[in-house]
Amino acid sequence: MKKLFMRADFIVILTVIILSILLFIPNLFNNSTLTAQIYVDGEVVEEINLQEVEKSYTLTPKNGTKITVEKGKICFSDAHCKDELCIKSGWLSKKGQTAACLPERVVVSIKGTDKTDMMTY
1 MKKLFMRADF
11 IVILTVIILS
21 ILLFIPNLFN
31 NSTLTAQIYV
41 DGEVVEEINL
51 QEVEKSYTLT
61 PKNGTKITVE
71 KGKICFSDAH
81 CKDELCIKSG
91 WLSKKGQTAA
101 CLPERVVVSI
111 KGTDKTDMMT
121 Y
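End of the sequence shown = 121 in this note's numbering, gap-free, step of one.
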């Protein structure tokens, strides 16, 4: 009877598992400071440190557009545009994420302090 796995197969599988774990470890210890910047008409009107938020609250930067802020995340909760793509973008909680309500010219962007140069999806 022939063996299902050879010794070399176990070495390759173990190597792949170890490399996967080593690539995932830096994400576990990511303690960058997340700052949400709210832009209205291209100007920063508010900066919020998302780690320091203790209680959920809502902002109204322009014409009834509402932005909800919770600890570690932010989102558009109400808008008066007809397609509501800003609301559909959901919660922003990672560095580099952005949501925009183009008819109202309101943008929410997350900035971080870690040393990552670029993020791709």
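Ideal placement from N, C-alpha and C gives every residue a C-beta, glycine not left out.
By the neighbour-count criterion, in which a residue is buried when 16 or more other Cβ atoms sit within 10 angstroms of its Cβ, Pro-26 is exposed. Three or more beta-carbon pairs separated by less than 8 Å are not found between the region 2 to 19 and the region 81 to 91, which leaves the two stretches without contact.
Put simply, the backbone Cα of Arg-105 is about 42 Å away from that of Leu-22. Residue environment analysis places Phe-5 among the exposed positions, since fewer than 16 neighbouring C-beta atoms fall within 10 angstroms of its C-beta.
Distance from the Cα of Asp-41 is smallest, within the candidate group Lys-95, Asn-63, Tyr-57 and Gln-51, for Asn-63. Counting only runs of at least 4 residues, the region 83 to 109 fully encloses the following alpha helix (DSSP H) elements, listed from N- to C-terminal order: 85 to 88. It is roughly 25 Å from the alpha-carbon of Lys-73 to the alpha-carbon of Lys-82. Here the C-alpha atom of Ile-48 lies approximately 17 Å from the C-alpha atom of Thr-65.
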